[in-house]
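Right, one structure below, let's go through it.
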Amino acid sequence: MSHSTPPFASVPCIASAPAGTFRGVAAAGVRVWRGIPYAESTGGEGRWRAAQPARVADGEVDATAYGPVCPQPINPAVPLGEHTEMDEDCLSLTVWAPDTDADAPRPVMVWIHGGAYTFGSSSQPLYDGVSLVSHGDVVLVTINYRLAAFGFLDLAALLPDAGFDRNLALGDVLLALRWVQENVRAFGGDPERVTVFGESAGGGLVTTLLATPSAAGLFHRAIAQSSPASSVYGSDRARDVAARFVRELGLDPHAADVAERLRAASADDLVTAGMKVYADVPDADPGTLAFAPVIDGELLPEAPALVLREGRGLAVPLMIGTNKDEASLFRFMKSPLIPITDDRIAQMFTDMAGDNPALDLPSEEQVRAAYAHARSREVGLGIARDIGFRMPTLWIAEGHSAVADVWLYRFDHAAPFLRLIGLGATHATELPYLWGNLTSGPKDPTFRFGGRRAAEAISQRMQERWTAFAHGRTPDATGAPEWESYDTTSRATLVIDRQDTVMPDLDASLRSAWGDEVLTFR
Numbered sequence: 158m159s160h161s162t163p164p165f166a167s168v169p170c171i172a173s174a175p176a177g178t179f180r181g182v183a184a185a186g187v188r189v190w191r192g193i194p195y196a197e198s199t200g201g202e203g204r205w206r207a208a209q210p211a212r213v214a215d216g217e218v219d220a221t222a223y224g225p226v227c228p229q230p231i232n233p234a235v236p237l238g239e240h241t242e243m244d245e246d247c248l249s250l251t252v253w254a255p256d257t258d259a260d261a262p263r264p265v266m267v268w269i270h271g272g273a274y275t276f277g278s279s280s281q282p283l284y285d286g287v288s289l290v291s292h293g294d295v296v297l298v299t300i301n302y303r304l305a306a307f308g309f310l311d312l313a314a315l316l317p318d319a320g321f322d323r324n325l326a327l328g329d330v331l332l333a334l335r336w337v338q339e340n341v342r343a344f345g346g347d348p349e350r351v352t353v354f355g356e357s358a359g360g361g362l363v364t365t366l367l368a369t370p371s372a373a374g375l376f377h378r379a380i381a382q383s384s385p386a387s388s389v390y391g392s393d394r395a396r397d398v399a400a401r402f403v404r405e406l407g408l409d410p411h412a413a414d415v416a417e418r419l420r421a422a423s424a425d426d427l428v429t430a431g432m433k434v435y436a437d438v439p440d441a442d443p444g445t446l447a448f449a450p451v452i453d454g455e456l457l458p459e460a461p462a463l464v465l466r467e468g469r470g471l472a473v474p475l476m477i478g479t480n481k482d483e484a485s486l487f488r489f490m491k492s493p494l495i496p497i498t499d500d501r502i503a504q505m506f507t508d509m510a511g512d513n514p515a516l517d518l519p520s521e522e523q524v525r526a527a528y529a530h531a532r533s534r535e536v537g538l539g540i541a542r543d544i545g546f547r548m549p550t551l552w553i554a555e556g557h558s559a560v561a562d563v564w565l566y567r568f569d570h571a572a573p574f575l576r577l578i579g580l581g582a583t584h585a586t587e588l589p590y591l592w593g594n595l596t597s598g599p600k601d602p603t604f605r606f607g608g609r610r611a612a613e614a615i616s617q618r619m620q621e622r623w624t625a626f627a628h629g630r631t632p633d634a635t636g637a638p639e640w641e642s643y644d645t646t647s648r649a650t651l652v653i654d655r656q657d658t659v660m661p662d663l664d665a666s667l668r669s670a671w672g673d674e675v676l677t678f679r
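Below, the structure written as structure tokens:
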């Protein structure tokens, strides 16, 4: 049973699409159709297989409640909402549209949620689309995809003849985008004006899509927020992760019946084993993730960060950026995902050099010179932030600007409470501003020490910029500086804060220290 929507006065609304007839609700100025399946079940025989398009629905489909989310551990940092059901049959999407007819189809924004490729869903309360849709006059589609071992485990690298498919989650997103192309006109959307946008893992999937040849034509603009673009690895690492996962389940990777036993394992056991691997891999190999898209030579032929740095990505306009204090959240949560201490940073550099013997890597001393004015305890945070997020973003902006318009930003704003506890403008803190959902409830401490009025103004500007971009316009906001596109001469960067500013070559010292070549693991 799917979890229900918040109680409010609503009236039914019907959309008749090629995929079927769907009954949603109209309330609070929007129409919304929740939990529409875009694929057949990925449980049972569908586990670790490429998702197949959902069959055309018979009769009128009740689309008033969200569908199940991919099985995952409960994580207080990623609230899924009340009464959320978890199930492997989780590939659904939700469509939001203004509750007014328009003379022409509206631009479409397709949201890919974050969560370290392991947590989250499109139905998180944070992603309630009322504010964004109402203020931006867009059609919004939020999608689920398979997570962690269900979506990013490459068993085909370990067991090539066992009938397992690869890059499952990336395939899920492509299938959802095809559904949008075929059906969104029935919801008032324009399939010729689709913007994909996502944050963290969702941003990583956006930059991966830009390097996926089969994604051509499925979207026309892209927004990548805090993308771990360089955290995409080859088959050797994928095979090692798969072997570690199989052993964590108590199975022998070389046993004759291992594939059969993997298919028979319970979803709970897969979640438990996946979380152990999720923590162990970055602990053993600092700077790497257990679960991420895989360079498989087919669906994803090459490393996305390298493709985009060389100007070979899909030539669509791109908005891309990061937050000023990305890494402080990972220290606060004691997360193993990002190396922060001196010994782990040194190991990361050593491992990266081993993976890239032909690459002229900057020395650790050269990199540390960029943080000469930082307090000693902040140097590790700066390095972690920049190797994980900022530098991949800069490399992509440099290369992609040769083939399409690029707008680069940095989100610097932090409410007084977040500054007080040492988080600042950390990872994901731009999301409440973008979605217009500034608090998670009456007990949310974010504005305990003020800052609400400034936050509302920032939210308004961000929504205006993001949706203007989706409409095909320059991403400007009323009463704020004009946001120049990025090029390798001015390197204009929008700094989002209490007052927005546009800075020339904001990251000059970082580029000088880290260099122009993409640094990653293989």
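Its first residue numbered 158, the sequence shown is counted upward by one per residue in our numbering.
From the three backbone atoms N, C-alpha and C, an ideal C-beta is built for every residue, glycine too.
As the structure is a prediction and not an experimental result, all values here were calculated from the model.
Alpha carbon of residue i to alpha carbon of residue j, nearest angstrom
| i | j | result |
| --- | --- | --- |
| F276 | M266 | 22 Å |
| K491 | L304 | 22 Å |
| F448 | D258 | 42 Å |
| P233 | A612 | 23 Å |
| N324 | L446 | 15 Å |
| Q504 | D442 | 8 Å |
| D654 | D644 | 22 Å |
| M158 | A430 | In this predicted model, M158 has a pLDDT of only 33, less than 50, meaning its place in the structure is not dependable; the value taken from the coordinates is given anyway. Near 26 Å, if we compare the C-alpha coordinates of A430 and M158. |
| T162 | T677 | Only weak support exists for where T162 lies, its pLDDT of 44 falling under 50; the value from the coordinates is given anyway. In a straight line, the C-alpha of T162 is about 42 Å away from that of T677. |
| A220 | A214 | 12 Å |
| T646 | M509 | 30 Å |
| V438 | I380 | 29 Å |
| G468 | A412 | 45 Å |
| P514 | L375 | 37 Å |
| W564 | G581 | 23 Å |
| P164 | L297 | Summary for P164: the model assigns pLDDT 46, below 50, so the residue's position carries little reliability; its value from the coordinates is reported in the next sentence. Taking the straight line joining both Cα atoms gives about 21 Å. |
| L248 | L362 | 16 Å |
| C170 | A484 | 43 Å |
| E674 | I193 | 43 Å |
| P282 | G598 | 10 Å |
| E405 | L419 | 12 Å |
| K433 | G200 | 22 Å |
| L130 | G407 | Residue 130 is absent from the structure shown; the chain starts at 158 and stops at 679. |
| T364 | P262 | 27 Å |
| L465 | I544 | 16 Å |
| R618 | F546 | 23 Å |
For residue i: DSSP bridge partner residues
| i | result |
| --- | --- |
| E217 | T178 |
| C170 | G181 |
| R188 | A183, A254 |
| A196 | P210 |
| G293 | BP columns for G293 are empty, so no partner. |
| V353 | V267, A379 |
| V226 | M243 |
| S249 | P194 |
C-beta contact flag for residue i and residue j at 8 Å
| i | j | result |
| --- | --- | --- |
| A208 | A176 | no |
| A614 | A343 | no |
| V705 | W190 | Not covered by the structure: residue 705. The range shown for the chain is 158 to 679. |
| W552 | A472 | no |
| G308 | T299 | no |
| D256 | A183 | yes |
| A554 | N340 | no |
| Y195 | L327 | no |
| P474 | D347 | no |
| S383 | T479 | yes |
| G470 | A368 | yes |
| R396 | D318 | no |
| A254 | R188 | yes |
| Q620 | H292 | yes |
Quick check for students: name the residue ranges of the alpha helix (DSSP H) that lie wholly in the region 359 to 393, counting only runs of 4 or more.
none
With a threshold of 8 Å, are at least 3 pairs of Cβ atoms found where one atom belongs to the region 379 to 397 and the other to the region 449 to 462?
yes
Would you be able to state if there are at least three C-beta pairs under 8 Å between the region 421 to 437 and the region 661 to 675?
no
Which ranges does the beta strand (DSSP E) cover as unbroken runs of at least 3 residues, wholly within the region 501 to 576, from first to last along the chain?
Counting only runs of 3 or more, we get 563 to 568.
Every unbroken alpha helix (DSSP H) within the region 382 to 465, with a cutoff of 4 residues, ordered by chain:
Entirely contained in the region 382 to 465, the alpha helix (DSSP H) runs reaching 4 residues are, in chain order, 392 to 405, 415 to 421, 424 to 441.
Quick one: which unbroken beta strand (DSSP E) runs of 3-plus residues sit fully inside the region 608 to 665? Chain order, please.
649 to 653, 658 to 661
Please go through the region 467 to 501 and give each complete beta strand (DSSP E) segment of 3 or more residues, from N-terminal end onward.
475 to 480
Assess, as a yes-or-no matter, whether the region 550 to 560 is touched by the region 586 to 593 under the definition of 3 or more beta carbon pairs within less than 8 Å.
no
Touching by the beta-carbon criterion (3+ pairs, under 8 Å), the region 514 to 525 and the region 623 to 632
no
Hey, is the region 351 to 370 in contact with the region 571 to 590, meaning 3+ C-beta pairs nearer than 8 Å?
yes
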